[in-house]
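Each remark here refers to the structure printed beneath this line.
There are 2 protein chains.
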Amino acid sequence: MTDRNLSQLDRALLGLRSLVMSGAFSGGQRLSEVAVANQLGTSRTPLRQAMDRLVAEGLLERIETGGCRVATFTRQDIADAIEIRGVIEGTAARMAAERGVDANLLESANAVLDLIDIAIAHPDGLDFDSYVTHNARFHQLLAEFPRSPLIRREIERMTLLPLASPSSFLSEQAGIPDFIESLRHAQRQHRAIMEAIANREGTRAEALAREHARLALINFNYLTEAQPILTKNVPGLALVSST
Amino acid sequence: MTDRNLSQLDRALLGLRSLVMSGAFSGGQRLSEVAVANQLGTSRTPLRQAMDRLVAEGLLERIETGGCRVATFTRQDIADAIEIRGVIEGTAARMAAERGVDANLLESANAVLDLIDIAIAHPDGLDFDSYVTHNARFHQLLAEFPRSPLIRREIERMTLLPLASPSSFLSEQAGIPDFIESLRHAQRQHRAIMEAIANREGTRAEALAREHARLALINFNYLTEAQPILTKNVPGLALVSST
DNA sequence: TAGACCGAAAATGTATACAATATCATTTGG
DNA sequence: CCAAATGATATTGTATACATTTTCGGTCTA
Numbered sequence: 003m004t005d006r007n008l009s010q011l012d013r014a015l016l017g018l019r020s021l022v023m024s025g026a027f028s029g030g031q032r033l034s035e036v037a038v039a040n041q042l043g044t045s046r047t048p049l050r051q052a053m054d055r056l057v058a059e060g061l062l063e064r065i066e067t068g069g070c071r072v073a074t075f076t077r078q079d080i081a082d083a084i085e086i087r088g089v090i091e092g093t094a095a096r097m098a099a100e101r102g103v104d105a106n107l108l109e110s111a112n113a114v115l116d117l118i119d120i121a122i123a124h125p126d127g128l129d130f131d132s133y134v135t136h137n138a139r140f141h142q143l144l145a146e147f148p149r150s151p152l153i154r155r156e157i158e159r160m161t162l163l164p165l166a167s168p169s170s171f172l173s174e175q176a177g178i179p180d181f182i183e184s185l186r187h188a189q190r191q192h193r194a195i196m197e198a199i200a201n202r203e204g205t206r207a208e209a210l211a212r213e214h215a216r217l218a219l220i221n222f223n224y225l226t227e228a229q230p231i232l233t234k235n236v237p238g239l240a241l242v243s244s245t
Numbered sequence: 003m004t005d006r007n008l009s010q011l012d013r014a015l016l017g018l019r020s021l022v023m024s025g026a027f028s029g030g031q032r033l034s035e036v037a038v039a040n041q042l043g044t045s046r047t048p049l050r051q052a053m054d055r056l057v058a059e060g061l062l063e064r065i066e067t068g069g070c071r072v073a074t075f076t077r078q079d080i081a082d083a084i085e086i087r088g089v090i091e092g093t094a095a096r097m098a099a100e101r102g103v104d105a106n107l108l109e110s111a112n113a114v115l116d117l118i119d120i121a122i123a124h125p126d127g128l129d130f131d132s133y134v135t136h137n138a139r140f141h142q143l144l145a146e147f148p149r150s151p152l153i154r155r156e157i158e159r160m161t162l163l164p165l166a167s168p169s170s171f172l173s174e175q176a177g178i179p180d181f182i183e184s185l186r187h188a189q190r191q192h193r194a195i196m197e198a199i200a201n202r203e204g205t206r207a208e209a210l211a212r213e214h215a216r217l218a219l220i221n222f223n224y225l226t227e228a229q230p231i232l233t234k235n236v237p238g239l240a241l242v243s244s245t
């Protein structure tokens with residue numbers, strides 16, 4: 003039992019998020035509090051708390067007459083979410099360049115980038131899980147560069163939305179052409195962002211971070227346009243409406 | 003009784019927000035659920051819901067050992083909040099310019115700007131309340147220009163934080179020098195943003211909206227540096243820590 | 001047959017009782 | 001005299017009972 007330490011709220015949050023992401027609730031229907039609570043093994047109280055949080059995150063939406071349902075997103079919504087993440091990460095990068103970054107943080111970030119290099123360049127082939135882990139970690143560190151709780155919060159918020167997180171729509175099974183090369187391209191952008199920050203080039207750092215976020219949009223477009231059959235493998239895509 | 007229609011949750015939200023903003027809870031102390039619930043005339047359940055929402059908004063923060071307290075913000079936090087709002091509003095303005103805006107929305111926004119002109123130019127003097135109302139309305143309409151629920155949400159989020167809203171730190175009683183002139187300056191910026199959007203100049207619209215947000219920072223700096231005594235009149239400043 | 005009305009059932013919203021935990025003053029040992 | 005342990009008290013976290021509203025199927029009428 004790995005969850006003996008978790009509070010009921012935490013358990014409800016994890017379980018509900020996982021159910022929503024896996025597409026367990028068919029579209030538009032209000033999800034029943036008692037049913038879900040029983041399924042997750044908690045009472046309604048912590049489950050309702052968890053629902054409130056997911057509503058705040060944007061994963062669920064309230065129904066006027068009560069309760070809530072799974073939110074669906076249009077293709078334009080996804081594109082917007084990715085663009086907004088780029089804008090906010092760009093702001094973080096610019097702030098970091100303008101204010102300077104703590105040496106330890108910089109060192110940690112560079113170490114993570116080295117780990118990404120290893121994941122990509124491994125002779126036995128791509129270590130995809132390692133890439134995703136360290137990529138997420140790098141973006142997390144970037145959010146801490148400006149030492150601003152508010153910018154950190156905003157980035158965390160956007161990243162919680164599975165549609166906008168840096169690793170969304172990355173799937174090694176989807177047959178994206180030149181997949182490894184696209185990861186190397188992303189890694190070159192990581193290095194360029196770090197360089198701009200180190201050189202105190204705020205405008206450049208902001209532009210690079212914005213451009214970097216657009217990679218997610220490219221992957222999303224490929225997954226939904228060229229390979230619609232494989233999208234079941236990508237968590238989050240169940241939330242995307244067809245329009 | 004204007005609140006006979008409100009749900010208990012709405013009542014708790016309104017009351018709690020008002021208590022927090024008025025500085026009723028002294029710094030750092032955990033606010034007692036039973037005490038506040040009794041004061042507001044609701045039970046703990048809707049009050050806890052309201053607390054959760056204010057935590058999500060950033061007005062309250064959780065305590066590790068349970069419960070929550072009023073969040074305080076440093077001067078740097080305020081500056082960051084205003085900058086982030088500028089960045090997001092700038093993104094909305096750019097999106098609006100790139101995508102084009104519904105004619106009715108444009109017309110509504112221009113009508114609101116005309117009302118601001120009247121509030122400023124009135125021969126009997128400034129109609130401050132009208133200015134604040136219509137200014138908030140203009141920014142709200144701007145957030146709707148891109149027809150993007152996500153960008154609208156983000157702006158709404160930042161605006162809910164009283165530290166970053168477009169009318170924060172505007173106070174006619176604070177003796178800001180050339181106060182009316184500063185409002186006219188802001189209004190000229192409003193018009194310029196609208197013009198850039200109409201001309202489909204995305205980059206310019208973004209830059210103008212960012213610059214416009216900086217007016218709030220100027221006012222904040224004046225209120226806290228030059229006129230610390232008068233800051234009691236400005237809601238939200240009670241949340242600002244002295245450091 | 002279509003549509004509105006009505007009532008039973010079930011859902012959400014709210015209050016409260018109970019359990020687990022944190023807090024704080026007191027005591028006790030060094 | 002100070003510090004750690006301890007237990008009473010109070011607070012939050014959780015479950016559940018109750019109230020109110022919504023939902024939905026059936027029935028009646030035009």
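Going down the list, the sequences are from chains X and V.
Per this note's numbering, residue 3 is the first one in the first sequence, and the count goes up by one each step.
Per this note's numbering, residue 3 is the first one in the second sequence, and the count goes up by one each step.
Here a beta-carbon is modelled for each residue, glycine too, at the ideal position from N, C-alpha and C.
Computed from a predicted model, the values in this text were never measured in an experiment.
- A contact between stretches requires three or more CB pairs, one per stretch, nearer than 8 Å, and the region 179-197 of chain X meets this requirement with the region 214-223 of chain X.
- Under the 8 Å criterion on CB atoms, V:SER150 is classed as interfacial with respect to chain X.
- Annotated as distal: X:ALA52 and X:LEU21, with beta-carbon spacing of 8 Å or more.
- Within the region 36-96 of chain V, the complete beta strand (DSSP E) segments at least 3 residues long are 62-64, 70-72, listed from N- to C-terminus.
- Under the Cβ criterion (8 Å, minimum of three pairs), the region 162-173 of chain V counts as touching the region 131-144 of chain V.
- As summarised for the region 118-183 of chain X, the continuous alpha helix (DSSP H) elements at least 4 residues long and confined to that stretch are 130-146, 151-162, given in chain order.
- Counting only the Cα atoms, V:HIS136 lies some 29 Å from V:ALA73.
- If you draw a 10 Å sphere on the C-beta of X:GLY127, you find fewer than 16 other C-beta atoms in it, and that means exposed.
- Put simply, the CB of V:ILE195 is far from chain X, with every gap to its CB atoms at 8 Å or more.
- Beta bridge pairing from DSSP links V:VAL242 with V:PHE75.
- When 9 Å is used as the limit between beta carbons, V:GLN51 is near these residues of chain X: ARG50, GLN51, ASP54, in chain order.
- Shortest Cα-Cα distance from X:THR67 to any of X:LEU33, X:ASN112, X:ARG193 involves X:LEU33.
- Comparing alpha carbon positions, the residue from X:GLY92, X:ARG149, X:GLY30, X:GLU156 closest to X:ASN106 is X:ARG149.
- Taking C-beta atoms as the reference points, V:ASP54 and X:LEU152 fail to come closer than 8 Å.
- Assignment of X:ARG202 by DSSP, reduced to helix, strand and coil, places it in the coil class.
- For V:ARG13, the enclosing alpha helix (DSSP H) covers residues 10-23.
- Neighbours of V:ILE153 in chain X, taken as residues whose beta carbon is under 8 Å from its own, are ASP82, ILE86 in chain order.
- Distance between X:GLN78 and X:THR161, taken at the CA atoms: about 18 Å.
- If you draw a straight line from the Cα of X:HIS192 to the Cα of V:ARG87, it is about 26 Å long.
- X:LEU62 counts as buried, since no fewer than 16 other beta carbons sit within 10 angstroms of its beta carbon.
- Beta-bridge annotation (DSSP): X:ARG190 is not paired with any residue.
- Minimum Cα-Cα distance from V:ARG216 among the listed residues V:ALA188, V:LEU225, V:ILE195 corresponds to V:ALA188.
- Proximity to X:LEU210 across X:ALA94, X:GLN10, X:LEU225, X:GLY17 peaks at X:ALA94, based on C-alpha coordinates.
- Remark: C-beta atoms of V:ALA98 and V:PHE147 approach each other more closely than 8 Å.
- A distance of 8 Å or more separates the beta carbons of V:ALA123 and V:SER132.
- Comparing alpha-carbon positions, the option among X:GLU208, X:GLN41, X:GLU35 lying closest to X:CYS70 turns out to be X:GLU35.
- Just measuring C-alpha positions, the residue of V:GLY30, V:THR76, V:MET196, V:GLU227 sitting nearest V:GLU109 is V:MET196.
- Checking the DSSP bridge columns, you'll see V:ARG32 partnered with V:ARG71.
- Per the C-alpha coordinates, the member of X:ALA145, X:LEU165, X:ARG96, X:GLU91 positioned closest to X:ALA200 is X:ARG96.
- At a cut-off of 8 Å between C-beta atoms, V:ASP79 counts as an interface residue with respect to chain X.
- Of the residues assessed, V:THR44 falls on the buried side of the cut-off, its CB having 16 or more other CB atoms within 10 angstroms.
- DSSP places V:ASP104 in the coil class of the three-state scheme, outside both helix and strand.
- For X:ASN223, the three-state secondary structure derived from DSSP is helix.
- Residues LEU16 of the same chain have their beta carbon placed closer than 8 Å to that of X:LEU8, with the five preceding and five following residues left out of the count.
- Taking each of X:VAL134, X:GLU208, X:THR226, X:ARG202 in turn and checking the Cα distance to X:ASP104, the smallest one comes out for X:ARG202.
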